[in-house]
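In what follows, a single structure is set out as structure tokens and then discussed.
Residue numbers (my numbering), protein chains in the order written: chain F, 2 to 438; chain P, 5 to 178.
And the structure:
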């Protein structure tokens with residue numbers, strides 16, 4: 002049985018499988034031909050009826066309602082139910098009739114979650130719509146009715162705005178979309194990402210004034226919609242950054258002369274947690290300078306005491322410190338209260354997997370007055386092995402009473418395939434932990 | 005002033021509920037993308053309710069509601085991602101005029117009747133296609149078919165529903 006070409010185009014459109022060429026031809030025919038429009042609307046009415054039937058969102062009292070639009074004979078109780086539904090809607094809930102409430106996204110796990118003072122800490126369970134959630138740290142996984150799931154790492158801010166989409170204002174996330182859940186949408190201040198199947202990572206940050214959004218496809222395919230540009234389709238292994246350059250929205254594949262990369266946010270492993278009280282956590286850090294490059298590639302020294310590890314973070318909010326271009330660099334942690342210390346634990350950086358910066362050898366010094374420094378330790382710090390986890394390395398030294406701990410990079414890492422004098426190289430560190438013993 | 009006393013919000017809610025099926029069908033006809041259309045229906049409901057005070061009960065409700073729905077469809081088109089299949093404003097205006105005039109009362113019950121008359125396998129396939137969250141792409145993948153081939157199968161099922169509904173509606177008194 003051969004079907005009519007107009008029908009084929011109409012039904013391909015209704016099924017969401019029409020090619021751009023066929024769509025253009027269909028639109029032209031619909032514009033020119035009233036009979037084509039009549040046929041389209043006939044098919045579309047059946048399609049709409051089927052959508053309605055399957056979603057069951059039409060409450061039963063509607064079909065029992067009189068055909069006349071006069072409100073007076075309308076049954077009293079359903080009216081109140083409908084009114085309640087409208088009020089719920091006004092309060093920010095989805096428009097759902099009581100008979101068949103819309104399935105909602107849920108938080109399936111929350112680990113080490115820290116919230117700003119005064120705000121409620123999210124826990125496993127229903128996720129409120131239209132309510133922004135902010136995390137200072139930790140890790141949350143959200144499951145959607147379609148089967149799509151999103152893992153988000155703090156610090157972050159996000160909001161559920163529609164049943165099958167999530168808005169991330171800030172933060173790093175991994176999205177997993179199994180077969181049947183294609184079309185899941187992630188909204189960011191820089192653009193929209195539609196998942197056409199399987200998995201991708203995203204990091205939403207800024208360059209100080211405009212959003213900078215990094216996206217990488219781990220497996221499968223996504224589409225990026227940014228501004229007025231035609232959508233960009235990315236396949237497994239491809240990555241792009243949405244940036245603003247001289248006022249123009251750009252989709253670029255390299256940042257800082259290196260390919261855009263988003264590492265997968267991972268749930269915190271127990272071995273990552275510090276043993277003993279880390280005296281450095283949250284303490285101020287100063288340095289003579291740090292790396293500042295365009296598009297939010299800014300790496301101040303207090304990143305080494307922020308409790309965040311593994312080259313995580315987003316543009317303008319990274320977890321690691323980098324020395325200025327070409328410099329080995331140094332920084333000093335102020336413990337505020339003098340303490341007797343005998344151990345540090347260090348996590349190196351690979352500058353988001355690029356492998357062009359980091360610490361090879363360092364000198365550690367201590368001081369009570371930030372003037373006279375005494376050497377505590379000189380040692381090599383192993384580099385991060387690409388594709389492997391980010392280990393912490395412990396270093397012991399003679400117990401010494403100090404308030405200021407200075408970390409001087411003696412030798413820094415550089416990209417193995419770039420010339421020795423390439424300007425993009427330098428010292429760096431993810432995290433320093435300082436212990437009494 | 006309204007000639008009749010009573011809470012305009014309550015009146016509006018009753019009208020929105022009565023005409024929900026028509027609003028739903030209108031929006032889904034103009035906007036084949038289901039996710040977008042569902043959002044637009046909800047936004048339209050909300051907007052209608054907010055505009056309760058502006059509604060003049062002396063005027064027929066549905067044309068007023070559909071005008072607001074069309075406005076929301078156009079807004080969605082501007083906001084929607086480029087890949088989504090949405091008609092441009094000029095074509096939307098043409099279709100909207102016809103869609104508003106399209107009288108499809110009783111379509112629901114006729115559709116239910118005709119679905120029941122479909123051969124079991126066809127009914128199962130079409131129901132699966134319209135499950136919330138389902139997509140022709142993933143269904144085709146599961147069946148090792150191309151999406152286009154599956155869409156052609158669905159076309160035939162929907163076409164037979166169309167003619168069944170037409171027959172059925174002709175049997176009913178006007």
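Just so it is clear, CB atoms sit at the ideal spot from N, CA and C, and this is done for glycine as well. Quantities reported herein were computed from a predicted structural model and do not represent experimental measurements.
Under the three-state reduction of DSSP, residue 65 of chain P is assigned to helix. If you look at residue 385 of chain F, you'll find it isn't in any alpha helix (DSSP H); DSSP assigns it neither H nor E. When C-beta distances to chain F are compared with 9 Å, the residues of the stretch 18–30 of chain P below that value are 18, 19, 20, 21, 22, 23, 24, 25, 28, 29, 30, in chain order. With respect to chain F, the C-beta atom of residue 36 of chain P has a partner C-beta closer than 7 Å.
Contact annotation, residue 153 of chain F with residue 184 of chain F: C-beta distance approximately 20 Å; criterion of less than 8 Å not satisfied. Of the candidates F/430, F/438, F/427, F/381, the residue whose Cα lies closest to the Cα of residue 401 of chain F is F/438.
Selection F/307, F/336, F/406 evaluated against residue 363 of chain F yields F/406 as nearest (Cα-Cα). By the neighbour-count criterion, in which 16 or more other beta carbons inside 10 Å mark a residue as buried, residue 119 of chain F falls on the exposed side.
Closest option to residue 151 of chain F, judged by alpha-carbon separation, among F/278, F/186, F/123, F/121: F/186.
When secondary structure is reduced to three states using DSSP, residue 339 of chain F falls in the strand class. Per DSSP, the beta bridge partners of residue 176 of chain F are F/151, F/201. If you compare the alpha carbons of F/309, F/319, F/380 with that of residue 352 of chain F, the shortest gap goes to F/319. Looking at the backbone, the Cα of residue 161 of chain P and that of residue 96 of chain P are separated by about 27 Å. About 5 Å separates the CB atoms of residue 108 of chain F and residue 125 of chain F; that is less than 8 Å, so the two are in contact. Across the set F/213, F/162, F/383, F/337, the C-alpha of F/337 shows the shortest separation from the C-alpha of residue 368 of chain F. Counting of Cβ neighbours within 10 angstroms places residue 432 of chain F among the buried residues, the total reaching 16 or more. Considering only beta carbons, the part of the stretch 211–228 of chain F lying closer than 7 Å to chain P consists of 224, 226, in chain order.
Here residue 135 of chain P carries a coil assignment [DSSP, helix/strand/coil]. The C-alpha of residue 339 of chain F is placed about 16 Å away from the C-alpha of residue 365 of chain F. At a Cβ-Cβ threshold of 7 Å, residue 212 of chain F and residue 191 of chain F count as neighbours.
Residue 131 of chain F has a beta carbon lying at 7 Å or more from every beta carbon in chain P.
In the structure shown, residue 265 of chain F falls within a coil segment according to DSSP collapsed to helix, strand and coil.
For the pair of segments examined, the stretch 281–301 of chain F was found not to touch the stretch 384–404 of chain F: the number of CB pairs separated by less than 8 Å stays below three. Between residue 236 of chain F and residue 222 of chain F, the gap from beta carbon to beta carbon is short of 7 Å. Contact check between the stretch 163–177 of chain F and the stretch 132–148 of chain F: three or more CB pairs, one atom from each, fall below 8 Å, which counts as touching. Closer than 8 Å at the C-beta level to chain F, one finds these residues of the stretch 146–168 of chain P: 146, 151, 152, 154, 155, 156, 158, 159, 160, 162, 163, 165, 166. Excluding residues up to 5 positions away in sequence, 261 lie with their Cβ nearer than 7 Å to the Cβ of residue 255 of chain F in the same chain. When Cβ-Cβ separations below 7 Å define contact, residue 67 of chain P makes no contact with chain F. For the options P/58, P/82, P/21, the alpha carbon positioned closest to that of residue 46 of chain P is the one of P/21. Against chain F, the beta carbon of residue 140 of chain P has neighbours under 7 Å at 16, 17, 18, listed in chain order. Scanning chain P for C-beta atoms nearer than 9 Å to the C-beta of residue 24 of chain F yields 89, reported in chain order.
When beta bridges are read from the DSSP output, residue 333 of chain F appears opposite F/287, F/407. From the beta-carbon of residue 137 of chain P, the residues of chain F found nearer than 8 Å are 146, 147, 148, 165, 181, 182.
For the 7 Å CB-CB criterion, residue 361 of chain F and residue 414 of chain F form a contact.
Under the three-state reduction of DSSP output, residue 207 of chain F falls in the strand class. The beta carbons of residue 315 of chain F and residue 175 of chain F sit no closer together than 7 Å.
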